[in-house]
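S.K.:
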Amino acid sequence: MYAGHFAAALALKTTQPRAPTWALLLGVGFLDVLFGIFVLLGWERATLTPGRSPGFSLDFIDWSHSLAASLFWAALFGLFFLRRGRGVAVAAGVAVFSHFVLDYFMHPPDLALWPHAQAHVGLGLWVRWPQGWWWFELAFIALCGAMYYARSRRDPSYGGRALAACAVVLVLHVANSPWASPTR
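Residue numbers (this note's numbering): 166 to 349.
1) Secondary structure at L288, three-state DSSP: helix, strand or coil?
2) Do you know whose CA, among H285, G252, A254, H281, lies nearest D268's CA?
3) What are the start and end residues of the alpha helix (DSSP H) that includes R217?
4) Can you round the beta-carbon distance between L189 and K178 to whole angstroms, since I take them to be within the 8 Å contact cut?
5) According to the neighbour-count rule (16 or more other Cβ atoms, all chains shown, within 10 Å of its Cβ), is A173 buried or exposed?
6) Kindly say whether R183, judged by its beta-carbon, lies nearer than 9 Å to any beta-carbon of chain B.
7) What is the rounded straight-line gap between the Cα of H170 and the Cα of T214?
8) Look up R293 in the DSSP assignment and say whether it is helix, strand or coil.
9) Does the contact criterion of 3 or more C-beta pairs under 8 Å hold for the segment 223 to 242 versus the segment 271 to 279?
10) Given a cut-off of 9 Å, decide if R318 and A307 are closer than it, judged by their beta-carbon atoms.
11) Evaluate A240 with the Cβ neighbour count: other Cβ atoms within 10 Å of its Cβ, from every protein chain shown; 16 or more gives buried, anything less gives exposed.
12) Taking Cβ to Cβ, would you say L175 is nearer than 9 Å to V336?
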């Protein structure tokens, strides 16, 4: 999932409006930020797989994306927002952990339970449903966007740009379609 992570951040904002939107958006992508850093450091590995969905293989992502690591990173990220209140800190942590939950649906079984564990999980919609995953994620984005837009109509603190935020997430999703890239 890609744009769906950002849609989840918007939906999460509706449950904790005091949480900074930027923090929730960063939170849902935090594991991928760590993954990029860890690949550069040689701690994690990925391989390009042109012509085969999703276009890459995540060979070792245990330090950023395992269940245990996701819980650790979520707790650490949430701690940074504790001074804004417990609810905001929990929402920030949930944003990070939501990444693992959503990846569970898309990833093949490459999500370890803990670093170097033998057991890995993932339903693999990217692989099992090479084009259908896109529609699944689109439905998720529509649901989260509707939640965010509906809440923004009742709460003026959202700034009046809810439709623009939803449109950006939708554009990101369309740009990530299996039909937009010749490598897929």
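We treat Cβ as the ideally placed atom computed from N, Cα and C, and that holds for glycine.
M.R.: Let me lay it out:
1) Here residue 288 refers to the residue found at position 123 when the sequence shown is read from its first residue. In the three-state reduction of the DSSP assignment, L288 falls in the coil class, being assigned neither a helical nor a strand state.
2) By one-based count along the sequence shown, residue 268 stands at place 103. Sorting H285, G252, A254, H281 by C-alpha distance to the C-alpha of D268 places H285 at the top.
3) Numbered from 1 along the sequence shown, position 52 holds the residue referred to as residue 217. No alpha helix (DSSP H) holds R217; DSSP gives it neither H nor E.
4) Position 24 of the sequence shown, counting from 1, holds the residue named residue 189. Position 13 of the sequence shown, counting from 1, holds the residue named residue 178. Yes, L189 and K178 are in contact; Cβ-Cβ is about 6 Å, under 8 Å.
5) Here residue 173 corresponds to residue number 8 of the sequence shown, with the count starting at 1. If you draw a 10 Å sphere on the C-beta of A173, you find 16 or more other C-beta atoms in it, and that means buried.
6) The displayed structure is made up of one protein chain only, and chain B is not part of it.
7) Working through the sequence shown from its first residue, we reach residue 170 at position 5. Working through the sequence shown from its first residue, we reach residue 214 at position 49. Each residue's alpha carbon lies about 23 Å from the other.
8) In the sequence shown, the residue the question calls residue 293 occupies position 128. Here R293 sits in helix by DSSP.
9) A contact exists between the segment 223 to 242 and the segment 271 to 279.
10) Reading the sequence shown from its first residue, position 142 is the one you call residue 307. Reading the sequence shown from its first residue, position 153 is the one you call residue 318. By the CB criterion at 9 Å, A307 and R318 fall outside the cutoff.
11) Against the sequence shown, residue 240 aligns to sequence position 75. Exposed is the call here.
12) Residue mapping note: residue 175 aligns to position 10 of the sequence shown, counting from 1. Residue mapping note: residue 336 aligns to position 171 of the sequence shown, counting from 1. For the 9 Å CB-CB criterion, L175 and V336 do not form a contact.
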